[in-house]
Amino acid sequence: MPAKDLNEVFNYFQIKPITLETFETFYVNADKGRGGNPIFNTLKRRIVNNPEGCLKLLVSGHKGSGKSTELIRLQKDIEKDFVVLNFSVFEELDIFNINYMELFIVTMEKLFNYVQGEEKINIDKKYLEDIQNWMKSGEIREINRNYMGLDLDTEMQAGADIPFLAKFFAKFKASAKSSSSMEKTLINSIEPKLSELISLCNKFIAEIRLNLPKVNKKGLVIIIEDMDKIDLLRGEKIFYDHSAQLKQLNCHCIFTFPIALLYNIKFKSVISNYNWDFVLPMIKVFEKSGSPCRQGIDTMKKIVEQRMEPALFEENSTVLEDMAKKSGGCLWDLFRMIISAADNALDYERRVIMRDDYISAYYSLKSEYERTIAENKEKGIKVDDYFNELASCAADESKKPRSSDIMLDLMNNQTVLNYNGENWHDVHPIVKDILKERGLLN
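In the working numbering, the protein residues as written are 1181 to 1622.
Okay, here's the thing in C-alpha cells:
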C-alpha cells in the first residue's frame, strides 16, 4: 500500500534496493522507459538455455539505474529451476579494502549456508575431509589464531560438520571485513595457495550439482552485487588483474561491474575472460535530440506512484514530472528529491508537496552535484578540465563522448549518464543547469 501521508514518504523512498520480499509491492517494468531493449531477457536466456554452464557475466549501470532490482527480477524468474545465491559485497565485506580472494571466502560461506538449509542434499564425506585438511594447514591455523579464535582441533575431532564449516567461513569473512591488517595476511598466506581454495570451492559446487535433481533444480547461479560500488582502482585490480581467477568458479556467476571501467583502455583486453557484458541504461527522460521522452517520464511517475499516492503532490501541477526530468532518469536522484521535498513540506506544515518544496529539493541536489566536480590532484586534473569536458559532452550532438581519464571520472560520479536506443550519453540535467550558470552552455 503506497504512502498516504507525507510522514510516511521517507520509509517508502529510502535509498535501498527492492528485495525479494518487497518486489511484488514496488516493482514496475521499466524496459520501455529505458529504450525498449530488455537486456535482462537476453541475460536470462544465456542462463536458462545453458543450465549446467559456467558463464561469467558482467552487469554494469549507473547507481540508481535499477541493477539490483532487475537482478531480483531475474532471480525470481529463474529460481524455480535454479539455485540462486545472491549476496552484496557492500553488506558482506569492507568495500573500501576488498580483496578478490574474499569473494571466494564469501562464496564458500553462502554455499555451506545453502546446504545447511537443504536437508535433501548430502555432501560426500571425502570432500569434508579435504576441507578439514585445508583447515589444518599452518596458514589457516595462523589466521584462525590471530583473527578468528575458533577451537579448530575440538571441532575437527567432532567431525567438522556442515554447520561448523558454515560458521568457519562466516567467521573468516567477518575477520576480513573488520581487520585492516587482514588484507596483508591474505596476500601472504592465502594467495600463494589460492588454487587450493578455488579447487575446494569447485569441488563443493560439483557436490551440490550432483544433488540438484533431488531438489528439482537444473543449475546453480551466483550473483555478486555491489561490485560496481568499489573504487575504480580496486575494481580495476579485481576485474582486470584477477579476471583469470574469477572465471575459475564452475557455475554461472553474475558480477555487477563499475560502469566507468567499460571506458578504460584495458577493458577490450580482458573482456575475453568474461562471456558477456550487459549495460543497464538509465530510464530516458529526454531523447537524444533533447526533447522530453514521454515513455520514460511516465515510467518514472509509475515507479513513484507505486510508493506514494499521487494526491500527495500539489493538484494540477507538474511537480512530479519536473522532478523526473531533473533526475536524468536516475531513480536515486528522484527518490532523494522526493524525500527532501516531503521534509520541506512538513517543515512548513503542508500536507502535500508544492512547487516551492520541489525547488528546495532541486537546489539541495544541485549543491551535491556541484561538490562532486572537484580537482583531482592525484591525476592532475583541474576543476576547469572537468567543466570543459562536461560542456563539450553536452554540446556534442553525437552524444558519443571520447574515452579519457576525465570522462572516466565523470561517468563514475554520474555527471555523465548512459542511455539506450543508440547507446548514447548525456550530461545530467542538473549539471547542465550548473554549466549554464557558468556560461559554459547555451
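Here a beta-carbon is modelled for each residue, glycine too, at the ideal position from N, C-alpha and C. Model, not experiment: these values are computed from the prediction.
Of the choices the options, whose alpha-carbon is the least far from that of residue i?
i: Pro1438; options: Gly1215, Ser1240, Lys1616; result: Ser1240
i: Thr1249; options: Asp1261, Tyr1307, Leu1511, Met1517; result: Leu1511
i: Pro1461; options: Arg1389, Gly1233, Lys1243, Ala1504; result: Lys1243
i: Asp1576; options: Gln1425, Met1336, Asp1606; result: Asp1606
i: Gly1297; options: Leu1330, Gly1509, Asn1455, Pro1343; result: Pro1343
i: Ser1520; options: Gln1425, Ile1483, Lys1184, Phe1193; result: Phe1193
i: Asp1537; options: Ala1356, Arg1530, Asn1524; result: Asn1524
i: Leu1620; options: Ser1358, Met1591, Tyr1294, Asn1568; result: Asn1568
i: Asp1185; options: His1608, Arg1487, Asp1310; result: Arg1487
Going by beta carbon distance, what residues of the same chain come within less than 6 Å of residue i, once the five residues before and after it are set aside?
i: Pro1218; result: Asp1211
i: Glu1555; result: Lys1562, Val1563
i: Ile1404; result: Phe1435
i: Ala1350; result: Glu1289
i: Tyr1599; result: Pro1461, Met1462, Lys1464
i: Glu1335; result: Phe1344
Under three-state DSSP, which class holds residue i?
i: Glu1501; result: helix
i: Asp1341; result: coil
i: Glu1137; result: Because residue 1137 is not part of the residues shown, which for the chain are 1181 to 1622, the question remains open.
i: Val1703; result: Given a span of 1181 to 1622 for the chain in the structure shown, any question on residue 1703 remains unanswerable.
i: Thr1552; result: helix
i: Ile1445; result: coil
i: Ile1301; result: coil
i: Phe1262; result: strand
i: Phe1190; result: helix
i: Phe1466; result: strand
Between residue i and the rest of its own chain, which residues show a CB-CB distance below 7 Å, the 5 nearest in sequence each way excluded?
i: Glu1371; result: Met1281
i: Glu1467; result: Cys1473
i: Asn1277; result: Ser1360, Glu1363
i: Glu1550; result: Ile1614
i: Pro1581; result: Cys1573, Met1587, Val1596, His1605
i: Ser1497; result: Arg1535
How is the alpha helix (DSSP H) around residue i delimited, first residue to last?
i: Leu1597; result: Element bounds for Leu1597: not the alpha helix (DSSP H) but the beta strand (DSSP E), 1596-1599.
i: Asn1568; result: 1563-1575
i: Lys1236; result: Note, Lys1236: premise wrong, no alpha helix (DSSP H); beta strand (DSSP E) at 1236-1240.
i: Thr1287; result: 1280-1296
i: Asn1391; result: 1374-1391
i: Ile1275; result: No alpha helix (DSSP H) holds Ile1275; DSSP gives it neither H nor E.
If you follow the beta strand (DSSP E) that residue i is in, where does it begin and where does it stop?
i: Val1611; result: Unbroken run through Val1611 is the alpha helix (DSSP H), 1609-1617; no beta strand (DSSP E).
i: Phe1515; result: That residue, Phe1515, is in no beta strand (DSSP E); its alpha helix (DSSP H) goes 1511-1527.
Name, in chain order, the residues that DSSP records as bridge partners for residue i.
i: Ala1183; result: Met1488
i: Ser1268; result: Glu1405
i: Trp1604; result: Tyr1599
i: Cys1433; result: Lys1236, Ile1402
i: Ile1533; result: Phe1493
i: Pro1157; result: Because residue 1157 is not part of the residues shown, which for the chain are 1181 to 1622, the question remains open.
i: Pro1472; result: Phe1466
Excluding the five sequence neighbours on either side, which residues of its own chain have a C-beta within less than 8 Å of the C-beta of residue i, listed in chain order?
i: Lys1256; result: Leu1200, Phe1203
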